[in-house]
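Residue numbers (the numbering used here): 32 to 330. Where is the CB? At the ideal position from N, CA and C, for every residue including glycine.
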(Lines of atoms letter the chains of each structure in order from A and count residues from 1; the text may use other names and numbers.)
(Lines give C-alpha, C1' and ligand atoms only; values in the text may rest on other atoms or scores of the structure.)
Protein backbone atom coordinates (compact mmCIF):
# COMPACT_ATOMS: atom_id res chain seq x y z
CA UNK A 1 0.00 0.00 0.00
CA UNK A 2 3.03 2.28 0.25
CA UNK A 3 2.71 2.92 -3.50
CA UNK A 4 -0.51 4.83 -2.88
CA UNK A 5 1.36 7.74 -1.29
CA UNK A 6 3.79 7.81 -4.20
CA UNK A 7 7.04 7.67 -2.29
CA UNK A 8 7.46 4.51 -4.35
CA UNK A 9 6.62 4.24 -8.04
CA UNK A 10 5.83 1.42 -10.43
CA UNK A 11 7.51 1.29 -13.83
CA UNK A 12 4.15 2.38 -15.31
CA UNK A 13 4.23 5.46 -13.08
CA UNK A 14 7.71 6.28 -14.40
CA UNK A 15 6.45 5.86 -17.96
CA UNK A 16 3.54 8.23 -17.31
CA UNK A 17 5.70 10.84 -15.60
CA UNK A 18 8.69 10.76 -17.97
CA UNK A 19 7.10 9.86 -21.30
CA UNK A 20 9.65 7.05 -21.72
CA UNK A 21 8.03 3.68 -22.47
CA UNK A 22 8.34 1.02 -19.76
CA UNK A 23 9.95 -1.30 -22.32
CA UNK A 24 12.67 1.30 -22.98
CA UNK A 25 13.23 1.88 -19.26
CA UNK A 26 13.78 -1.88 -18.79
CA UNK A 27 16.29 -1.92 -21.66
CA UNK A 28 18.16 1.07 -20.23
CA UNK A 29 18.32 -0.68 -16.85
CA UNK A 30 19.47 -4.01 -18.23
CA UNK A 31 21.94 -2.70 -20.79
CA UNK A 32 23.29 0.43 -19.09
CA UNK A 33 22.33 0.05 -15.41
CA UNK A 34 21.06 3.66 -15.30
CA UNK A 35 18.47 2.83 -12.63
CA UNK A 36 18.56 0.27 -9.83
CA UNK A 37 14.97 -0.59 -8.92
CA UNK A 38 13.89 -2.24 -5.72
CA UNK A 39 12.06 -5.55 -6.08
CA UNK A 40 9.04 -6.94 -4.32
CA UNK A 41 8.84 -10.56 -3.20
CA UNK A 42 7.13 -11.27 -6.53
CA UNK A 43 9.96 -9.54 -8.45
CA UNK A 44 7.96 -6.42 -9.42
CA UNK A 45 10.10 -3.32 -9.98
CA UNK A 46 9.61 -0.36 -7.60
CA UNK A 47 11.40 2.99 -7.76
CA UNK A 48 12.01 5.77 -5.26
CA UNK A 49 11.80 9.55 -5.80
CA UNK A 50 15.55 9.78 -6.51
CA UNK A 51 15.11 7.29 -9.37
CA UNK A 52 12.27 9.38 -10.78
CA UNK A 53 14.39 12.53 -10.62
CA UNK A 54 17.33 10.77 -12.29
CA UNK A 55 15.10 9.42 -15.08
CA UNK A 56 13.62 12.88 -15.74
CA UNK A 57 17.14 14.32 -16.00
CA UNK A 58 18.27 11.48 -18.27
CA UNK A 59 15.21 12.07 -20.45
CA UNK A 60 16.09 15.74 -20.88
CA UNK A 61 19.72 14.97 -21.74
CA UNK A 62 18.57 12.32 -24.22
CA UNK A 63 16.25 14.86 -25.88
CA UNK A 64 19.24 17.15 -26.38
CA UNK A 65 21.35 14.57 -28.15
CA UNK A 66 23.20 12.75 -25.38
CA UNK A 67 23.43 8.99 -26.00
CA UNK A 68 22.22 6.70 -23.22
CA UNK A 69 25.51 4.76 -23.41
CA UNK A 70 27.35 8.01 -22.61
CA UNK A 71 24.93 9.17 -19.91
CA UNK A 72 25.36 5.80 -18.20
CA UNK A 73 29.06 6.57 -17.61
CA UNK A 74 28.28 9.79 -15.70
CA UNK A 75 28.14 9.98 -11.92
CA UNK A 76 24.90 10.81 -10.13
CA UNK A 77 26.27 14.33 -9.52
CA UNK A 78 27.35 14.85 -13.13
CA UNK A 79 23.89 14.25 -14.64
CA UNK A 80 22.04 17.13 -12.88
CA UNK A 81 25.10 19.37 -13.44
CA UNK A 82 24.89 18.71 -17.19
CA UNK A 83 21.16 19.42 -17.14
CA UNK A 84 21.86 22.81 -15.53
CA UNK A 85 24.49 23.57 -18.16
CA UNK A 86 22.20 23.02 -21.15
CA UNK A 87 19.20 24.83 -19.72
CA UNK A 88 18.49 28.29 -21.13
CA UNK A 89 15.36 30.38 -21.60
CA UNK A 90 14.81 28.56 -24.92
CA UNK A 91 14.55 25.10 -23.41
CA UNK A 92 13.23 26.09 -20.00
CA UNK A 93 9.83 24.52 -20.61
CA UNK A 94 10.73 20.81 -20.37
CA UNK A 95 13.06 21.27 -17.41
CA UNK A 96 10.52 23.38 -15.53
CA UNK A 97 7.71 20.89 -16.13
CA UNK A 98 9.96 18.09 -14.83
CA UNK A 99 10.80 20.09 -11.71
CA UNK A 100 7.16 21.00 -11.13
CA UNK A 101 6.24 17.32 -11.40
CA UNK A 102 8.92 16.46 -8.84
CA UNK A 103 7.62 19.23 -6.56
CA UNK A 104 4.11 17.79 -6.92
CA UNK A 105 5.14 14.20 -6.24
CA UNK A 106 7.06 15.19 -3.09
CA UNK A 107 4.70 18.01 -1.96
CA UNK A 108 7.78 20.24 -2.17
CA UNK A 109 6.68 23.88 -1.98
CA UNK A 110 10.27 25.17 -1.97
CA UNK A 111 11.04 23.45 -5.28
CA UNK A 112 7.86 24.90 -6.79
CA UNK A 113 8.82 28.45 -5.79
CA UNK A 114 12.45 28.05 -6.87
CA UNK A 115 11.37 26.74 -10.29
CA UNK A 116 8.75 29.45 -10.72
CA UNK A 117 11.15 32.24 -9.72
CA UNK A 118 13.75 30.90 -12.17
CA UNK A 119 11.12 30.89 -14.94
CA UNK A 120 9.88 34.45 -14.36
CA UNK A 121 13.48 35.68 -14.41
CA UNK A 122 13.52 34.59 -18.08
CA UNK A 123 9.88 34.91 -19.16
CA UNK A 124 6.72 36.95 -18.61
CA UNK A 125 3.96 35.46 -16.49
CA UNK A 126 1.85 35.10 -19.64
CA UNK A 127 4.62 33.06 -21.31
CA UNK A 128 5.03 30.91 -18.19
CA UNK A 129 1.31 30.14 -18.13
CA UNK A 130 1.01 29.25 -21.81
CA UNK A 131 4.33 27.42 -22.19
CA UNK A 132 4.57 25.67 -18.82
CA UNK A 133 1.42 25.78 -16.67
CA UNK A 134 -1.08 24.81 -19.40
CA UNK A 135 0.98 21.77 -20.57
CA UNK A 136 1.62 20.88 -16.91
CA UNK A 137 -2.11 20.96 -16.07
CA UNK A 138 -2.86 18.84 -19.13
CA UNK A 139 -0.28 16.30 -17.94
CA UNK A 140 -1.71 16.41 -14.43
CA UNK A 141 -5.11 15.49 -15.85
CA UNK A 142 -3.64 12.47 -17.61
CA UNK A 143 -1.59 11.47 -14.56
CA UNK A 144 -4.73 11.63 -12.41
CA UNK A 145 -6.71 9.53 -14.93
CA UNK A 146 -4.01 6.84 -14.93
CA UNK A 147 -3.79 6.76 -11.12
CA UNK A 148 -0.18 8.01 -11.10
CA UNK A 149 -1.10 10.97 -8.89
CA UNK A 150 -3.78 11.32 -6.23
CA UNK A 151 -6.25 14.19 -5.74
CA UNK A 152 -3.90 15.44 -3.01
CA UNK A 153 -1.09 15.92 -5.55
CA UNK A 154 -3.40 17.70 -7.98
CA UNK A 155 -4.84 19.99 -5.30
CA UNK A 156 -1.38 20.83 -3.93
CA UNK A 157 -0.12 21.93 -7.35
CA UNK A 158 -3.36 23.66 -8.38
CA UNK A 159 -3.35 25.75 -5.21
CA UNK A 160 0.22 26.95 -5.80
CA UNK A 161 -0.58 27.87 -9.42
CA UNK A 162 -3.73 29.64 -8.19
CA UNK A 163 -1.61 31.69 -5.79
CA UNK A 164 0.56 32.91 -8.66
CA UNK A 165 -2.50 33.74 -10.73
CA UNK A 166 -4.01 35.79 -7.90
CA UNK A 167 -0.78 37.75 -7.36
CA UNK A 168 -0.55 38.63 -11.06
CA UNK A 169 -4.28 39.42 -11.34
CA UNK A 170 -4.02 41.82 -8.40
CA UNK A 171 -1.16 43.69 -10.10
CA UNK A 172 -3.50 44.43 -13.02
CA UNK A 173 -6.62 45.13 -10.93
CA UNK A 174 -5.03 48.24 -9.40
CA UNK A 175 -4.49 49.74 -12.87
CA UNK A 176 -7.16 51.92 -14.50
CA UNK A 177 -9.26 50.12 -17.09
CA UNK A 178 -8.83 51.74 -20.50
CA UNK A 179 -11.47 49.91 -22.57
CA UNK A 180 -15.11 50.46 -21.66
CA UNK A 181 -17.08 49.12 -24.66
CA UNK A 182 -17.94 45.89 -22.80
CA UNK A 183 -17.57 44.13 -19.46
CA UNK A 184 -16.62 40.48 -19.06
CA UNK A 185 -18.37 38.37 -16.41
CA UNK A 186 -16.54 35.12 -15.70
CA UNK A 187 -18.14 32.15 -13.96
CA UNK A 188 -18.24 28.37 -13.77
CA UNK A 189 -21.42 26.26 -14.10
CA UNK A 190 -23.09 24.56 -11.15
CA UNK A 191 -20.87 21.84 -9.59
CA UNK A 192 -17.85 22.93 -11.66
CA UNK A 193 -14.80 23.62 -9.48
CA UNK A 194 -11.89 23.69 -11.98
CA UNK A 195 -11.17 27.40 -12.13
CA UNK A 196 -7.50 27.85 -13.12
CA UNK A 197 -8.35 28.35 -16.80
CA UNK A 198 -11.07 30.86 -15.96
CA UNK A 199 -8.71 32.71 -13.62
CA UNK A 200 -6.12 33.00 -16.38
CA UNK A 201 -8.79 34.39 -18.72
CA UNK A 202 -9.50 37.03 -16.07
CA UNK A 203 -5.78 37.90 -16.14
CA UNK A 204 -5.82 38.17 -19.96
CA UNK A 205 -8.95 40.36 -19.92
CA UNK A 206 -7.38 42.75 -17.42
CA UNK A 207 -4.13 42.73 -19.39
CA UNK A 208 -6.07 43.98 -22.43
CA UNK A 209 -7.49 46.87 -20.40
CA UNK A 210 -11.05 45.60 -19.89
CA UNK A 211 -13.07 45.26 -16.71
CA UNK A 212 -13.56 41.68 -15.57
CA UNK A 213 -16.09 40.61 -12.94
CA UNK A 214 -14.92 37.27 -11.58
CA UNK A 215 -17.66 35.18 -9.94
CA UNK A 216 -15.89 31.82 -9.83
CA UNK A 217 -17.21 28.35 -9.28
CA UNK A 218 -20.70 26.83 -9.27
CA UNK A 219 -22.65 29.94 -10.27
CA UNK A 220 -26.45 29.64 -10.78
CA UNK A 221 -27.70 31.17 -14.04
CA UNK A 222 -30.35 33.16 -12.17
CA UNK A 223 -27.63 34.95 -10.18
CA UNK A 224 -25.88 35.99 -13.40
CA UNK A 225 -28.95 38.03 -14.37
CA UNK A 226 -28.23 40.48 -11.54
CA UNK A 227 -25.14 41.73 -13.36
CA UNK A 228 -27.35 43.17 -16.11
CA UNK A 229 -28.54 45.80 -13.61
CA UNK A 230 -24.98 47.07 -13.25
CA UNK A 231 -23.22 46.65 -16.61
CA UNK A 232 -23.94 46.80 -20.34
CA UNK A 233 -22.89 45.38 -22.74
CA UNK A 234 -21.83 42.13 -21.03
CA UNK A 235 -19.88 39.15 -22.33
CA UNK A 236 -20.59 36.18 -20.07
CA UNK A 237 -17.79 33.58 -20.14
CA UNK A 238 -18.42 30.03 -18.88
CA UNK A 239 -15.57 27.52 -18.58
CA UNK A 240 -16.93 23.95 -18.70
CA UNK A 241 -14.31 21.34 -17.77
CA UNK A 242 -16.40 18.49 -16.29
CA UNK A 243 -19.80 20.17 -15.86
CA UNK A 244 -22.37 20.27 -17.34
CA UNK A 245 -22.07 16.76 -18.74
CA UNK A 246 -22.30 16.05 -22.47
CA UNK A 247 -25.94 15.07 -22.01
CA UNK A 248 -26.89 18.34 -20.29
CA UNK A 249 -24.60 20.98 -21.81
CA UNK A 250 -27.07 22.02 -24.53
CA UNK A 251 -29.81 22.46 -21.94
CA UNK A 252 -27.42 24.64 -19.92
CA UNK A 253 -26.72 26.85 -22.94
CA UNK A 254 -30.45 27.13 -23.67
CA UNK A 255 -31.14 28.11 -20.05
CA UNK A 256 -28.49 30.85 -20.22
CA UNK A 257 -29.80 32.12 -23.57
CA UNK A 258 -33.35 32.40 -22.23
CA UNK A 259 -32.23 34.11 -19.03
CA UNK A 260 -29.50 36.44 -20.30
CA UNK A 261 -29.50 37.07 -24.02
CA UNK A 262 -30.56 40.41 -25.47
CA UNK A 263 -29.04 42.77 -28.04
CA UNK A 264 -26.33 43.87 -25.56
CA UNK A 265 -25.28 40.44 -24.28
CA UNK A 266 -22.98 37.71 -25.54
CA UNK A 267 -22.38 34.19 -24.19
CA UNK A 268 -18.93 32.65 -24.67
CA UNK A 269 -18.08 29.04 -23.79
CA UNK A 270 -14.89 27.01 -23.64
CA UNK A 271 -13.50 23.97 -21.89
CA UNK A 272 -13.51 20.22 -22.44
CA UNK A 273 -17.28 19.84 -22.12
CA UNK A 274 -17.98 22.93 -24.25
CA UNK A 275 -16.69 20.96 -27.25
CA UNK A 276 -19.94 18.94 -27.02
CA UNK A 277 -22.21 21.98 -27.52
CA UNK A 278 -24.35 21.67 -30.64
CA UNK A 279 -23.16 24.75 -32.54
CA UNK A 280 -25.64 24.28 -35.39
CA UNK A 281 -28.42 26.14 -33.58
CA UNK A 282 -26.35 28.86 -31.87
CA UNK A 283 -27.09 32.50 -32.54
CA UNK A 284 -24.41 35.00 -33.53
CA UNK A 285 -24.06 36.26 -29.95
CA UNK A 286 -23.37 32.75 -28.60
CA UNK A 287 -19.88 31.40 -29.32
CA UNK A 288 -17.83 28.31 -28.49
CA UNK A 289 -14.01 28.48 -28.43
CA UNK A 290 -11.53 25.62 -28.69
CA UNK A 291 -8.82 27.11 -26.48
CA UNK A 292 -7.90 29.97 -24.17
CA UNK A 293 -5.66 31.49 -26.85
CA UNK A 294 -8.48 31.43 -29.44
CA UNK A 295 -10.84 33.19 -27.05
CA UNK A 296 -8.21 35.79 -26.11
CA UNK A 297 -7.69 36.64 -29.78
CA UNK A 298 -11.38 37.59 -29.94
CA UNK A 299 -11.42 39.87 -26.90
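With a 10 Å radius around the Cβ and a threshold of 16 neighbouring Cβ atoms, residue 155 comes out exposed. Ranked by Cα distance from residue 252, the first of 330, 284, 41 and 99 is 284. DSSP, reduced to helix, strand and coil, places residue 76 within a strand of the structure shown.
Linking residue 39 to residue 184 through their CA atoms gives a straight-line distance of about 14 Å.
Contact between residue 269 and residue 311 fails: their C-beta atoms lie close to 19 Å from each other, not under 8 Å. When DSSP states are grouped into helix, strand and coil, residue 211 belongs to the coil group. When only Cα atoms are considered, residue 330 and residue 236 end up about 7 Å apart. DSSP places residue 181 in the coil class of the three-state scheme, outside both helix and strand.
Taking a C-beta distance under 8 Å as the contact criterion, residue 179 and residue 47 qualify as a contact pair. By the beta-carbon neighbour count (other beta carbons within 10 angstroms, threshold 16), residue 78 is buried.
About 6 Å separates the CB atoms of residue 199 and residue 234; that is less than 8 Å, so the two are in contact. Judged by DSSP in its simplified three-state form, residue 241 adopts coil rather than helix or strand.
In the DSSP assignment, residue 58 falls within the unbroken alpha helix (DSSP H) covering 53–63.
Residue range 99–102 is occupied by the alpha helix (DSSP H) that includes residue 100. Around residue 242, the same chain offers 208 and 214 as residues with beta carbons nearer than 6 Å, after the five sequence neighbours per side are excluded. Counting along the chain, the unbroken beta strand (DSSP E) around residue 297 starts and ends at 296–301. DSSP, reduced to helix, strand and coil, places residue 40 within a strand of the structure shown.
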